[in-house]
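Asks: Sending over a structure as structure tokens; questions will come in a sec.
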Amino acid sequence: MTAYTPFRKKRTYTLSAVIILLALLISLSAYRNMFGVRSILISAVYPFQFAVSSLWKGVTGIPSSVLNLRNLAKENAALKQKLNLTLPKLALQDELSAENERLRQALGFKYGNRYGFNLLPAAVIGRGASPWYTTLEINRGTSSGVKMGMPVIVKEGLVGRVIETAAFSSRVLLITDPDSGVVGADQRSRDYGLIEGYLPELLLMKHVSSAGDIRAEDKIVTSSISSIFPAGIPIGTVVRATKKEHDLFYQIEVRPSVKFSRLEEVFLVL
Amino acid sequence: MRFLKLAAYMLAVIILQTVIFPRLSFMGAYPDLILVSVIAFAVLAERNTATLFSGYLAFLQDVFSAGIYVNTIFKVIVSNVVCSLKEEFIGNEYSLTAGLVAALTPLILLTQAGIMFFFFEKDLSWSYLVFSLAATTIYNLLMVPLLFPVVKRMIGGD
């Protein structure tokens, strides 16, 4: 083992103190992005992350692709049949949507075209490097028009929102993160509350008045009160809703409708 | 040459940590390669170099995460603690690294959880925390035989 002189030790302690002090200062300041240094570093590492992520998906996808070869023809026929049944339904839905829009405008609704958002597909290339924040990294950034706060969804429901953007990638805070807050509403009773994350993959619905009516198995969707998320996106299902006699609020646990550990593709709501 | 080796190692660790290991996670728990690297580096390298290495690597970990720079602070402290402990230790460097990984992983996670809970008011499931402490410690111990020889070769190649 190397012997250290007191001078060398002192120098290291000073260096450590400087690093810790700088980290503390940056953490507590409004300049966590360090004038773009974070974005530059993220953009510099992005090509490697993207390459490794694509390689990983390719390699892990080979066994299932080979096994599925036999079923492909059968699946193709079934999908074509499903598509033939779905297309007329979609056309009808477009009609209904347009009619609904006309009626909403006729009734003087301020926010017309509630569901007229565009979706931008994105691939998940990585996850947050720290266990205390559940984040995803996606392969779309400011160059694709991604902005802070944009909602991220999949067909099963709400995933989260964009909290950091770089040129070619963005970071998404999942709704299961304790720092995340979404206004959710019970689809049946329309009672609403604040949905917060509860690690690892559970949600808590808070501030729902005990005078409300929430039951297990109720579906929770994004509320029209939210200014960030479009209304009606599925969030999850109530697992447990309890209230004691003198409690002001319910205690509600919600199971998210999205399986976050298996996410590979998501959609940004533009 | 050494700088290039260190930069390549840091890049590889960050990519493994953000791209590969989350996909192999068990109920949300996966190894902290950065912590294992910092401990191995502190055991094997000179004190000043170890502090700088831990600072850079943990800073990258925080860049590829969200929120505050808590990993930078913790890993620089860990590096200093390990450097002080190794001066008193007589024995095999590999055993010291494994022992410190086993002891420090739960300690750091618990302290960080305390900070998140008391200062940042994060709701934490305590049963999940206990599971996470155990799972991450086991994962980290499994990483020691893989990372220790790499770090040793990198430092030995001065």
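First to last, the sequence lines map onto chains E and C.
For the first sequence, our numbering begins at 25 and goes up steadily by one.
For the second sequence, our numbering begins at 7 and goes up steadily by one.
Glycine residues also receive a C-beta, built at the ideal position from the N, C-alpha and C atoms.
(1) Is there a Cβ from chain E that is less than 9 Å from the Cβ of residue 8/C?
(2) For residue 136/E, name the three-state secondary structure that DSSP assigns.
(3) The ligand HEM and residue 15/C: does any heavy atom of the ligand fall closer than 8 Å to the residue's C-beta?
(4) Return the chain-ordered list of same chain residues with a C-beta closer than 7 Å to the C-beta of residue 210/E, the five sequence neighbours on each side being excluded.
(5) Who are residue 194/E's beta bridge partners in DSSP?
(6) Closer than 9 Å, Cβ to any Cβ of chain E: which residues of the region 122-154 of chain C, in chain order?
(7) Is the number of C-beta pairs between the region 145-159 of chain E and the region 11-18 of chain C that are closer than 8 Å three or more?
(8) Pick helix, strand or coil for residue 131/E, following the three-state DSSP scheme.
(9) To which residues of the same chain is residue 136/E closer than 8 Å at the C-beta, ignoring the five residues directly before and after it?
(10) Starting from the C-beta of residue 164/C, find all residues in its chain whose C-beta is less than 8 Å away, skip the five residues before and the five after it, and write them out in chain order.
(11) Using the rule of at least 16 other Cβ atoms within 10 Å of the residue's Cβ for burial, across every protein chain shown, is residue 154/C buried or exposed?
(12) Between the C-alpha atoms of residue 130/C and residue 141/C, what's the straight-line distance to the nearest angstrom?
(13) Taking a contact to mean a Cβ-Cβ separation below 9 Å, would you say residue 111/E touches residue 159/E in this structure?
(14) Within the 9 Å Cβ cut-off, does residue 78/C reach chain E?
(15) Mind checking if residue 164/C is an interface residue toward chain E, Cβ cutoff 9 Å exclusive?
(16) From what residue to what residue does the beta strand (DSSP E) around residue 209/E run?
(17) Does the separation of the CB atoms of residue 73/E and residue 193/E fall below 9 Å?
(18) Tell me residue 99/C's beta-bridge partners as DSSP assigns them.
(19) For the alpha helix (DSSP H) holding residue 293/E, just list the boundary residues, first then last.
(20) Closer than 8 Å, Cβ to any Cβ of chain E: which residues of the region 67-95 of chain C, in chain order?
(21) Going along chain E, which residues have a C-beta under 8 Å from residue 20/C?
(22) If contact is defined by three or more beta carbon pairs under 8 Å, each pair taking one atom from either stretch, is the region 29-39 of chain E in contact with the region 51-70 of chain C?
(23) Closest by CA to residue 272/E, which one among 47/E, 230/E and 260/E?
(24) Find out if the Cβ-Cβ distance for the pair residue 246/E, residue 236/E is shorter than 9 Å.
(25) Does the contact criterion of 3 or more C-beta pairs under 8 Å hold for the region 64-78 of chain E versus the region 16-29 of chain C?
(26) Less than 9 Å between the C-beta atoms of residue 219/E and residue 206/E, yes or no?
Replies: According to the structure shown:
(1) no
(2) Low per-residue confidence applies at residue 136/E: pLDDT is 48, beneath 50, and the placement is therefore not dependable, though the value from the model is reported in the following sentence. It is coil, neither helix nor strand.
(3) Annotation note on the ligand HEM: not contained in the displayed structure, which lists no ligands.
(4) 238, 242 and 244
(5) 162/E and 189/E
(6) Listed by position, the residues of the region 122-154 of chain C near chain E (Cβ gap below 9 Å) are 122, 126, 127, 128, 129, 130, 131, 134, 135, 137, 138 and 142.
(7) no
(8) coil
(9) With a pLDDT of 48 at residue 136/E, under the threshold of 50, the modelled position of this residue cannot be trusted; read the value that follows with caution. Hits under 8 Å: 125, 128 and 129.
(10) Confidence at residue 164/C is low in this model, with a pLDDT of 45, below 50, so its placement is unreliable and the value that follows should be read with caution. Excluding residues within five positions, the ones whose Cβ falls inside 8 Å are 8.
(11) Counting other Cβ atoms within 10 Å of its Cβ, residue 154/C reaches 16 or more and is therefore classed as buried.
(12) Looking at the two C-alpha atoms, the distance is approximately 16 Å.
(13) no
(14) yes
(15) Note that residue 164/C scores 45 on pLDDT, short of 50, meaning its location in the model is unreliable and no value can be drawn from it.
(16) 205-210
(17) yes
(18) Paired residues: none, contrary to the question.
(19) It is not in any alpha helix (DSSP H) - residue 293/E instead sits in the beta strand (DSSP E) that spans 289-293.
(20) Cβ contacts with chain E: 67, 68, 69, 70, 71, 72, 73, 74, 75, 76, 77, 78, 79, 82, 83, 85, 86, 89, 92, 93 and 95.
(21) 69 and 153
(22) yes
(23) 230/E
(24) Judged by their CB atoms, residue 246/E and residue 236/E are not nearer to each other than the 9 Å cut-off.
(25) Touching, yes.
(26) yes
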